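> Residue numbers (this note's numbering), protein chains in the order written: chain A, 1 to 365; chain B, 366 to 730.
2 protein chains.
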Amino acid sequence: MTEQAFSRARLADAGEGITLDELRLAGRNHAMPLEALRYEITPVGLHYLLVHYDIPAIDPDTWRLTVGGHVARPLTLDLADLRRAPRTDGVVTLECAGNGRALLEPRPLSQPWLDGAVGTARWTGTPLAPLLRAAGPLPGAAEVVFTGSDRGTERGTEQVYARSLPLAEALRADVLLAHGMNGGPLPPQHGAPLRLVVPGWYGMAQVKWLSSITVVTEPYTGFQQATAYRIKQRPDEPGEPVTRMLPRALMVPPGFPDFMTRTRTVDRGEQLLTGRAWSGRPPVTRVEVSCDGGESWAAAELGPAAGPYGWRGWRHRWRAERTGEHRLLVRASDASGRTQPTEQEWNLQGMANGMAQRVDVLVRG
Amino acid sequence: MTEQAFSRARLADAGEGITLDELRLAGRNHAMPLEALRYEITPVGLHYLLVHYDIPAIDPDTWRLTVGGHVARPLTLDLADLRRAPRTDGVVTLECAGNGRALLEPRPLSQPWLDGAVGTARWTGTPLAPLLRAAGPLPGAAEVVFTGSDRGTERGTEQVYARSLPLAEALRADVLLAHGMNGGPLPPQHGAPLRLVVPGWYGMAQVKWLSSITVVTEPYTGFQQATAYRIKQRPDEPGEPVTRMLPRALMVPPGFPDFMTRTRTVDRGEQLLTGRAWSGRPPVTRVEVSCDGGESWAAAELGPAAGPYGWRGWRHRWRAERTGEHRLLVRASDASGRTQPTEQEWNLQGMANGMAQRVDVLVRG
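1. For G511(B), list the residues DSSP reports as bridge partners.
2. DSSP beta-bridge partners for G549(B)?
3. For the segment 622-651 of chain B, which residues have a beta carbon sitting closer than 7 angstroms to at least one beta carbon of chain A?
4. How far does the beta strand (DSSP E) with E387(B) in it extend, from its first residue to its last?
5. Which of the three DSSP states, helix, strand or coil, is assigned to L447(B)?
6. Considering Cα atoms alone, identify which of A97(A), Q233(A) and L75(A) is closest to G200(A).
7. To the nearest angstrom, report how far apart G672(B) and L493(B) are at their CA atoms.
8. In the DSSP assignment, find the alpha helix (DSSP H) that holds R498(B) and state where it starts and stops.
9. Ends of the beta strand (DSSP E) at E301(A)?
10. Assess contact between the segment 69-79 of chain A and the segment 349-361 of chain A, defined as three or more Cβ pairs (one per stretch) separated by less than 8 angstroms. Is contact present?
11. Starting from V51(A), find everything on chain B with Cβ-Cβ shorter than 8 angstroms and list it in chain order.
12. For chain B, find out if any of its Cβ atoms is closer than 8 angstroms to the Cβ of G294(A); answer yes or no.
13. What residue range does the beta strand (DSSP E) around Q722(B) cover?
14. Going by beta carbon distance, what residues of the same chain come within less than 7 angstroms of W711(B), once the five residues before and after it are set aside?
15. I want to verify the contact list: residues of chain B whose CB lies under 7 angstroms from the CB of G116(A), in sequence order.
16. Does DSSP put T76(A) in a helix, a strand or coil?
17. Does chain B have any CB closer than 8 angstroms to the CB of P112(A)?
18. Can you give me the C-alpha to C-alpha distance between M362(B) and R317(A), rounded to a whole angstrom?
19. Quick check on E3(A): does DSSP put it in helix, strand or coil?
20. Let me know the secondary structure DSSP gives T227(A) once reduced to three states.
21. Report buried or exposed for Q225(A), applying the criterion of at least 16 other Cβ atoms within 10 angstroms of its Cβ.
22. Throw me the rounded Cβ distance for the P603(B) and R595(B) pair, which I believe falls under 8 angstroms.
23. Would the beta-carbon of V363(A) fall within 8 angstroms of that of R322(A)?
24. Cα separation between W662(B) and T19(A)?
25. To test your reading of the DSSP string, which unbroken beta strand (DSSP E) runs of 3 or more residues are found completely within the segment 87-121 of chain A?
26. Thinking E405(B) and T485(B) are a contact (beta carbons under 8 angstroms), I'd like their distance in whole angstroms, please.
27. I'd like to know if P188(A) contacts chain B, where contact means its C-beta is closer than 8 angstroms to some C-beta of that chain.
28. Terminal residues of the continuous beta strand (DSSP E) containing E288(A)?
29. Quick one: Cα of L254(A) to Cα of H30(A), how far?
30. Go ahead and label E368(B) buried or exposed: buried means 16 or more other beta carbons lie within 10 angstroms of its beta carbon, across all protein chains shown.
31. Chain B beta carbons: is any one of them nearer than 8 angstroms to that of R230(A)?
32. Is it right to say E295(A) is buried, meaning 16 or more other beta carbons lie within 10 angstroms of its own, or is it exposed?
33. From which residue to which residue does the beta strand (DSSP E) around G678(B) run?
34. Quick one, which of D292(A), A9(A), S336(A) and T261(A) has its alpha-carbon nearest R281(A)'s?
35. Does V363(A) come within less than 8 angstroms of chain B when only Cβ atoms are used?
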């Protein structure tokens, strides 16, 4: 029990190390190790994972999903109903909105992500839109609230995790209620028995352990919508909501690592740098690599995308002729014209940070 | 690139926060979230994971395992050979030798585990002993060296991860070469295409991404055997090798958490506390729970073990009558007579720490 239990979120002091609270979160949740960028579909267990509270214990036999609120025909569905419903799947890249937070200065104290809060899975399920239409949103319907089963407190507010989408977004043809992942059943940590998948949006929209879907007439003001997941500079402003993923490219760190520092060693000569890039406003149109700490940039060769909202492979040949220390960077641009910044674009919660990845490499002769 | 790249391991200064090096490791590797103690077999993705260097990229079609060294008939096997070999499986609890390290004072800087570096899987593969006997260890054979495919530097020493077992231990009937986990193929992060499973030993013995098995006549002195994984108090002493797991019990934290602090809230009244306990010298013979910060202890009810080297469930009814803060502890004892200490038993590398788990709970009226 600490005094922090009900305190407000804070920023780390200058030079303050990672706190025990942050470490507890980092030990439970996990990033994708960056060498796993080699897999177009991220294997279960390597996909990034963020669980706000606890993974709930849900009995799939007694579990029900309700679709209600401002609708003509409220529905209650069991898992067999959802498995009998039209089946589709989608390869979707998901990224936590807080990816990169722990690299910010000053550092917002929350889940302390470095670079790797991302993954790409093949999600199998049934489209949401036909179910919503079967329930029949009434005139005046504005948003759809998705409520999970994971209970906790956050800055003093007891809650079950819930988020909303604008009705038009919820009715997109590619929004899924997923009960499978990568060809197998949905694992407990990814939301079994049923989760939402909203291609293009950051992870906070992808509500897991779904229990209810509620059509509402006013903007939803729950904690995870109106307090968390806001881009703002000061605690007293409402801020802008976090929505779609900004463009980001990541690189498989070349060579081999030092255990403790993760600094890389490569042999002198040509190195094939590879990685993947994504955006919530696809397609990724350009990936650029710098092998001199950001002074000069070269276009990488782009591969096909894993899906309309799946990441896209890239590669670039680096002639590592000079022995010694090098800093590699990579950045992506997307169809909306956005490009990753090379320096931080700070905000109070550390959300939607696109700062270009840095990889330090020692070239040996 | 930092000056620490080739430095010696060190201890954290008094009050020093978790370092960026530690956070990088915590973000890649992950503990089992403690609510996953509810599963007798830990789902893939929830089992603890420690990867020293990178997960190697191995083509299963060209991969080979050699069995050689001080033997009469060296062998080279491919994956089809191993899958055709007699098949067996075992439910085995694995724990990282560094579990609990980040709770020590002073804190050794390495992978900063709190409590959860554990998991239990059903490993499928072929017994090692018949393969070793087919190769025919010659007179004078003393140890068997298992070499993986994961390359890195550690305190300045470039290496491929390798560990040895005494010959008698390697010839135990329950030591497996595993190519499957929990009914599916072995995932990349757990050592695909083939890993060693030595029931009862800490995780460092469970060599992943196996490439060779070498019978030797002298004690193996590689980095991971002679330098790392030693229980010692000072840098200049050789220390004792880490071998079998000490007894440990863990509790599913009751109630629900605060997001940031993970402090638990439960409602006043009877609480069923549950968890699991294990030891490398099974069976677990006793689990005791304290609901008053360690002042008094009561025996928990024990369930069956998940296997000869699998953890054992326990439960205990707690009458949470007093509202306010409570500290719960749990400790296990095993057939060898060992009992978990309630205070730290410090060593320089933070290995084999059995200090009893503490769970802070707020009871509300």
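Don't be surprised by glycine CBs; every beta carbon is placed ideally from N, CA and C. Every value quoted in this text rests on a predicted model; they were computed, and no experiment measured them.
On the basis of the supplied data:
1. First, the residue type needs correcting, since residue 511(B) is Phe and not Gly in the sequence shown. Paired residue(s): R528(B) and I578(B).
2. The partner list for G549(B) (beta bridge, DSSP) reads M546(B).
3. Against chain A - using a Cβ distance shorter than 7 angstroms - the residues of the segment 622-651 of chain B are P622, D623, F624, M625, T626, R627, T628 and T630.
4. In the DSSP assignment, E387(B) falls outside any beta strand (DSSP E) and lies within the alpha helix (DSSP H) extending over L385 to R393.
5. Look at L447(B) here: in three-state DSSP terms it is helix.
6. Taking the Cα of G200(A) as reference, the smallest distance to any Cα among A97(A), Q233(A) and L75(A) is reached at A97(A).
7. Taking the straight line from one Cα to the other gives about 19 angstroms.
8. Taken as a continuous stretch (DSSP letters only), the alpha helix (DSSP H) holding R498(B) covers L493 to A500.
9. That run of the beta strand (DSSP E) goes E301 to A305.
10. Contact fails: fewer than three Cβ-Cβ distances are below 8 angstroms.
11. By Cβ distance, chain B contributes P398.
12. No, G294(A) does not count as interfacial toward chain B.
13. Taken as a continuous stretch (DSSP letters only), the beta strand (DSSP E) holding Q722(B) covers Q722 to R729.
14. The beta carbon of W711(B) sits closer than 7 angstroms to those of L469, all from its chain and outside the five residues before and after it, given in chain order.
15. Within chain B, G392 have C-beta atoms less than 7 angstroms from the C-beta of G116(A), given in sequence order.
16. In the three-state reduction of the DSSP assignment, T76(A) falls in the strand class.
17. For P112(A), the nearest CB of chain B lies under 8 angstroms from its own CB, placing it at the interface with that chain.
18. Since the displayed chain B opens at 366 and closes at 730, residue 362(B) lies outside it and no answer follows.
19. Here the model assigns E3(A) a pLDDT of 35, short of 50, so the residue's position is not dependable and the matter cannot be decided.
20. Reduced to three states, the DSSP call for T227(A) is helix.
21. Q225(A) comes out buried.
22. With a beta-carbon spacing of about 7 angstroms, P603(B) and R595(B) fall inside the 8 angstroms limit used to define contacts.
23. With contacts defined as CB atoms closer than 8 angstroms, V363(A) and R322(A) qualify as a contacting pair.
24. Taking the straight line joining both Cα atoms gives about 31 angstroms.
25. Under the rule that a run must span 3 or more residues, the beta strand (DSSP E) segments found entirely inside the segment 87-121 of chain A read 88-95.
26. Contact holds; Cβ gap of about 7 angstroms.
27. Answer yes: the Cβ-Cβ gap between P188(A) and chain B drops below 8 angstroms somewhere.
28. Its beta strand (DSSP E) spans residues V284 to S290.
29. Checking the sequence, you will find Pro at residue 254(A) rather than Leu. Cα to Cα, the separation comes out at about 21 angstroms.
30. In this predicted model, E368(B) has a pLDDT of only 35, less than 50, meaning its place in the structure is not dependable enough to derive any value.
31. Not an interface residue.
32. Label assigned to E295(A): exposed.
33. Its beta strand (DSSP E) spans residues R677 to A685.
34. A check of alpha carbon separations from R281(A) across D292(A), A9(A), S336(A) and T261(A) identifies S336(A) as the nearest.
35. Not an interface residue.
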